[in-house]
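Undergrad: Numbering (my numbering), first residue to last: 45 to 158.
We put the beta carbon where it would ideally sit given N, CA and C, even for glycine.
Everything numeric in this text was worked out from a predicted model, so none of it was measured.
(1) I'd like the span of the beta strand (DSSP E) that includes residue 94, first residue to last.
(2) In the structure shown, what three-state DSSP assignment does residue 134 receive?
(3) Assess, as a yes-or-no matter, whether the segment 95–102 is touched by the segment 135–145 under the definition of 3 or more beta carbon pairs within less than 8 angstroms.
(4) Out of 71, 109, 66, which one is the CA nearest neighbour of residue 89?
(5) Considering residue 86, what are the terminal residues of the alpha helix (DSSP H) in which it resides?
(6) Where does residue 57 fall in DSSP's three states?
(7) For the pair the segment 51–59 and the segment 105–120, tell me if three or more CB-CB distances fall below 8 angstroms.
(8) Answer with buried or exposed for residue 67, where buried requires no fewer than 16 other C-beta atoms within 10 angstroms of its C-beta.
(9) I'd like to know whether the C-beta atoms of residue 63 and residue 104 end up nearer to each other than 7 angstroms.
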(Lines of atoms letter the chains of each structure in order from A and count residues from 1; the text may use other names and numbers.)
(Lines give C-alpha, C1' and ligand atoms only; values in the text may rest on other atoms or scores of the structure.)
Protein backbone atom coordinates (compact mmCIF):
# COMPACT_ATOMS: atom_id res chain seq x y z
CA UNK A 1 0.00 0.00 0.00
CA UNK A 2 2.88 2.39 0.71
CA UNK A 3 4.26 1.72 -2.77
CA UNK A 4 0.93 2.80 -4.20
CA UNK A 5 1.19 6.21 -2.54
CA UNK A 6 4.63 6.77 -4.03
CA UNK A 7 3.73 5.67 -7.56
CA UNK A 8 0.50 7.68 -7.50
CA UNK A 9 2.50 10.83 -6.81
CA UNK A 10 4.90 9.94 -9.61
CA UNK A 11 2.12 9.32 -12.12
CA UNK A 12 0.62 12.73 -11.31
CA UNK A 13 3.46 14.44 -13.17
CA UNK A 14 3.98 14.11 -16.94
CA UNK A 15 7.55 12.80 -16.84
CA UNK A 16 6.99 10.48 -13.86
CA UNK A 17 9.79 12.01 -11.82
CA UNK A 18 9.83 14.06 -8.65
CA UNK A 19 12.52 15.31 -6.35
CA UNK A 20 13.16 12.92 -3.49
CA UNK A 21 12.46 15.53 -0.79
CA UNK A 22 9.26 16.72 -2.51
CA UNK A 23 7.97 13.15 -2.40
CA UNK A 24 8.88 12.85 1.27
CA UNK A 25 7.04 16.09 2.05
CA UNK A 26 3.97 15.06 0.06
CA UNK A 27 3.80 11.75 1.92
CA UNK A 28 4.69 13.40 5.25
CA UNK A 29 7.58 10.97 5.70
CA UNK A 30 10.90 11.67 7.31
CA UNK A 31 13.92 11.60 5.02
CA UNK A 32 15.25 8.33 6.46
CA UNK A 33 11.92 6.54 6.06
CA UNK A 34 11.67 7.78 2.49
CA UNK A 35 15.21 6.69 1.74
CA UNK A 36 14.66 3.15 3.04
CA UNK A 37 11.35 2.76 1.27
CA UNK A 38 12.66 4.04 -2.07
CA UNK A 39 15.63 1.66 -1.76
CA UNK A 40 13.19 -1.26 -1.39
CA UNK A 41 11.15 -0.03 -4.36
CA UNK A 42 14.33 0.24 -6.45
CA UNK A 43 15.16 -3.40 -5.63
CA UNK A 44 11.68 -4.41 -6.82
CA UNK A 45 12.13 -2.40 -10.04
CA UNK A 46 9.22 0.00 -9.38
CA UNK A 47 11.33 3.18 -9.39
CA UNK A 48 14.87 4.33 -10.03
CA UNK A 49 16.89 7.05 -8.33
CA UNK A 50 18.32 9.65 -10.65
CA UNK A 51 20.93 12.04 -9.31
CA UNK A 52 20.34 15.74 -9.89
CA UNK A 53 23.18 17.22 -11.96
CA UNK A 54 22.43 20.80 -10.80
CA UNK A 55 22.44 19.86 -7.12
CA UNK A 56 24.94 17.22 -6.02
CA UNK A 57 22.93 16.51 -2.87
CA UNK A 58 19.53 16.25 -4.56
CA UNK A 59 18.01 13.27 -6.32
CA UNK A 60 14.94 12.41 -8.32
CA UNK A 61 12.73 9.36 -7.97
CA UNK A 62 11.48 8.14 -11.34
CA UNK A 63 8.74 5.60 -11.98
CA UNK A 64 9.69 2.64 -14.17
CA UNK A 65 7.57 0.63 -16.60
CA UNK A 66 7.18 -1.96 -13.81
CA UNK A 67 5.90 0.77 -11.48
CA UNK A 68 3.38 1.89 -14.09
CA UNK A 69 2.26 -1.72 -14.57
CA UNK A 70 1.75 -2.04 -10.81
CA UNK A 71 -0.50 1.03 -10.68
CA UNK A 72 -2.46 -0.14 -13.71
CA UNK A 73 -3.01 -3.53 -12.07
CA UNK A 74 -4.06 -1.95 -8.76
CA UNK A 75 -6.44 0.65 -10.26
CA UNK A 76 -9.46 -1.63 -10.87
CA UNK A 77 -9.26 -3.06 -7.33
CA UNK A 78 -8.90 0.41 -5.88
CA UNK A 79 -11.92 1.72 -7.79
CA UNK A 80 -13.94 -1.31 -6.70
CA UNK A 81 -12.98 -0.78 -3.05
CA UNK A 82 -13.89 2.92 -3.15
CA UNK A 83 -17.25 2.08 -4.69
CA UNK A 84 -17.98 -0.75 -2.23
CA UNK A 85 -16.79 1.03 0.91
CA UNK A 86 -17.91 4.56 0.13
CA UNK A 87 -20.03 5.28 -2.93
CA UNK A 88 -22.46 2.40 -2.39
CA UNK A 89 -23.10 3.67 1.16
CA UNK A 90 -24.01 7.30 0.52
CA UNK A 91 -27.00 8.84 -1.20
CA UNK A 92 -26.81 11.17 -4.21
CA UNK A 93 -27.86 14.03 -1.91
CA UNK A 94 -24.99 13.23 0.48
CA UNK A 95 -22.54 13.20 -2.43
CA UNK A 96 -23.78 16.61 -3.60
CA UNK A 97 -23.37 17.96 -0.05
CA UNK A 98 -19.87 16.52 0.18
CA UNK A 99 -19.01 18.14 -3.17
CA UNK A 100 -20.24 21.56 -1.96
CA UNK A 101 -18.29 21.30 1.29
CA UNK A 102 -15.16 20.14 -0.54
CA UNK A 103 -15.40 23.01 -3.03
CA UNK A 104 -15.65 25.51 -0.16
CA UNK A 105 -12.57 24.02 1.53
CA UNK A 106 -10.59 24.11 -1.74
CA UNK A 107 -11.62 27.73 -2.34
CA UNK A 108 -10.41 28.62 1.15
CA UNK A 109 -7.09 26.85 0.54
CA UNK A 110 -6.69 28.74 -2.74
CA UNK A 111 -7.21 32.02 -0.86
CA UNK A 112 -4.72 31.22 1.90
CA UNK A 113 -2.44 28.23 1.10
CA UNK A 114 -0.66 28.48 4.47
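TA: This is what the structure holds:
(1) The residue labelled residue 94 in the question sits at position 50 within the chain shown. It spans 91–95 - the beta strand (DSSP E) in which residue 94 sits, taken as one unbroken run.
(2) On the chain shown, residue 134 is found 90 positions in, with the first residue counted as 1. Coil.
(3) no
(4) As a first step, residue 89 must be located in the chain shown, where it is residue number 45. Out of 71, 109, 66, 109 has the C-alpha closest to the C-alpha of residue 89.
(5) Numbered from 1 along the chain shown, position 42 holds the residue referred to as residue 86. Its alpha helix (DSSP H) spans residues 75–87.
(6) On the chain shown, residue 57 is found 13 positions in, with the first residue counted as 1. Three-state result, residue 57: coil.
(7) yes
(8) By 1-based counting over the chain shown, the position of residue 67 is 23. Burial call: buried.
(9) Mapped onto the chain shown, residue 63 falls at position 19. Mapped onto the chain shown, residue 104 falls at position 60. Yes, the Cβ-Cβ distance between residue 63 and residue 104 is below 7 angstroms.
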